[in-house]
Amino acid sequence: MQLWNKGTDINREILAFTVGDDHLLDLKLVPYDCVASKAHARMLGKIGVLTQEEAAKLCACLDGISALAKQGRFTIAPEEEDCHTAIENHLVRECGEAGKRIHTARSRNDQVLTALRLYEKDAIAQAIGLIQALAARLRKKADAHKDAPMPGYTHMRKAMPTTAGTWLSSFADALADDAELLAIVGVIVDKSPLGTGPGFGVPVFAIEREMTAREMGFARVQENPVYAQLSRGKLEAMLLSGLVQVMLTLNRLASDLALFSMQGYAGDEGAALRGRRDRDGVPLDHGAGDGGNRDRRGAMRRSDDAGTVRDRGGVPAREGAGGGVQGRVQDCGREALAHRGGKSARVDASRSVD
810 MQLWNKGTDI NREILAFTVG DDHLLDLKLV PYDCVASKAH ARMLGKIGVL
860 TQEEAAKLCA CLDGISALAK QGRFTIAPEE EDCHTAIENH LVRECGEAGK
910 RIHTARSRND QVLTALRLYE KDAIAQAIGL IQALAARLRK KADAHKDAPM
960 PGYTHMRKAM PTTAGTWLSS FADALADDAE LLAIVGVIVD KSPLGTGPGF
1010 GVPVFAIERE MTAREMGFAR VQENPVYAQL SRGKLEAMLL SGLVQVMLTL
1060 NRLASDLALF SMQGYAGDEG AALRGRRDRD GVPLDHGAGD GGNRDRRGAM
1110 RRSDDAGTVR DRGGVPAREG AGGGVQGRVQ DCGREALAHR GGKSARVDAS
1160 RSVD
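Quick note: the sequence shown uses this note's numbering, first residue 810, plus one each step.
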């Protein structure tokens, strides 16, 4: 029977809808609830609610539960619904009355919230580590291809020449901001709610909240008990918002990679991100093709045997346009003016495009 059930029959469909797979999802919280319960047991031993022997036995039993959970051998029965009830039932079986008294000076409200915050602290640290590792890899690739030219795009059209290094490092910079945002959320999360009770504190016992906060590795306590409960969902929303920014960055990178992998997307002049790809699957270089000669940094210039600079389709470039990147800058300027509002496309080829 459920911990909260007072003997009343509950509609099975309602129970399935409200509880669902909570008993399976809560397995992730088992190690964190054990950490919080150990800190609480030691504190109860210090203030005399538990004997030192009882506190030590409870902590040893909680370590055993954590080990079982790590091995996948700790289970939560559907009728227990969550890890907190399952852990308490296990403690009562192994430690007797001490397993019941561990809940002294603690509400299910602050118990659940504490386990969640410990889980979130770990999840944020892991996410930041992964983000920083990806940013570092992108910076390494950007440095390796800092001079590889490619056309810059705006509104899915060629705009100004840029480099593969600039493109790659843009995502590294974005990920650095994303990691910084998550770190700020981590600072807010890093407060212990244990000892706030059901939302109005624990006035009966002289609990030591700073002690339990240190035991669990929190930077400080969450002082106001009312706000501790009001923060449920609020801090989680902050965390999800930070993760959304990471997903936005990754979505933009993935979208670019998908577009640049399309045959002919970069045009006949061959953008720096078309053609040969490095071992990570990211196109970063361009080889010879189309019967013409392309230099290793190629993709923006085409020359014939005599070295004449040619425009798209093999047509010799207009005089004064020049070759290489400067010529392509001017060509981009001519294209932009040619498509602007249907006006005259006449452009003075002798003028540079800034």
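By construction, the Cβ of each residue, glycine as well, lies at the ideal position given by its N, Cα and C atoms. Everything numeric in this text was worked out from a predicted model, so none of it was measured.
Contact fails between the region 966 to 979 and the region 919 to 937, because fewer than three Cβ pairs, one in each stretch, are under 8 Å apart. Using a Cβ-Cβ distance cut-off of 8 Å, the region 937 to 955 and the region 984 to 991 are in contact, since at least three pairs of beta carbons, one from each stretch, lie closer than that value. In this model, L1052 and E906 are separated by some 43 Å (Cα to Cα). Between I937 and A981 a beta carbon distance of about 15 Å is seen, past the 8 Å cut, so the two are scored as non-contacting. Excluding its 5 nearest sequence neighbours in each direction, E903 has C-beta neighbours in its own chain below 6 Å: C870, listed in chain order. Contact between the region 826 to 841 and the region 878 to 889 is established, with three or more Cβ pairs separated by less than 8 Å.
In this structure, H893 lies near R917, with their beta-carbon atoms less than 8 Å apart.
Two segments are said to touch when three or more pairs of C-beta atoms, one from each, lie closer than 8 Å; by this definition the region 1050 to 1066 does not touch the region 1019 to 1039. 8 Å or more divides the Cβ of V844 from the Cβ of E929.
Secondary structure at G908: helix, using DSSP grouped into helix, strand and coil. For the 8 Å CB-CB criterion, P1002 and D919 form a contact. Taking E863 as the centre and dropping the five residues before and after it, the same chain places the C-beta of A907 closer than 6 Å to its C-beta, in chain order. Counting along the chain, no alpha helix (DSSP H) covers M959; the unbroken beta strand (DSSP E) around it starts and ends at 958 to 963. In the structure shown, S916 falls within a coil segment according to DSSP collapsed to helix, strand and coil.
Look at the beta carbons and you see the region 894 to 901 not touching the region 1011 to 1023: under three pairs across the two are nearer than 8 Å. For T1058, the enclosing alpha helix (DSSP H) has its first and last residue at 1043 to 1069.
No Cβ-Cβ contact shorter than 8 Å links L867 with T913. Sequence-distant partners of R1041 (beyond 5 residues in either direction) whose C-beta falls short of 7 Å from its own C-beta, in its chain, are L922. For R821, the enclosing alpha helix (DSSP H) stretches over residues 821 to 828.
The Cβ atoms of A934 and A957 lie no closer than 8 Å to each other.
Beta-bridge pairing by DSSP links P970 to P960.
Between A1022 and V1030 a beta carbon distance of about 5 Å is seen, short of the 8 Å cut, so the two are scored as contacting.
Counting other Cβ atoms within 10 Å of its Cβ, F1069 reaches 16 or more and is therefore classed as buried. With fewer than 16 other beta carbons inside 10 angstroms of its own, E989 counts as exposed. If you draw a 10 Å sphere on the C-beta of D842, you find 16 or more other C-beta atoms in it, and that means buried. In the structure shown, R1018 falls within a helical segment according to DSSP collapsed to helix, strand and coil.
Just so you know, the alpha carbons of A848 and A1046 end up roughly 27 Å apart. Counting other Cβ atoms within 10 Å of its Cβ, I911 reaches 16 or more and is therefore classed as buried. Burial check for G1004: the Cβ neighbour count within 10 Å reaches 16 or more, so the residue is buried. In the structure shown, K847 adopts helical secondary structure according to DSSP, grouped into three states.
When secondary structure is reduced to three states using DSSP, R902 falls in the helix class.
Under the criterion of beta carbons closer than 8 Å, A878 and L836 qualify as touching, at roughly 7 Å. CA-to-CA, the gap between T860 and G873 works out to about 20 Å. By the neighbour-count definition (other C-beta atoms within 10 Å, threshold 16), H954 is a buried residue. Secondary structure of K879 (DSSP, three-state): helix.
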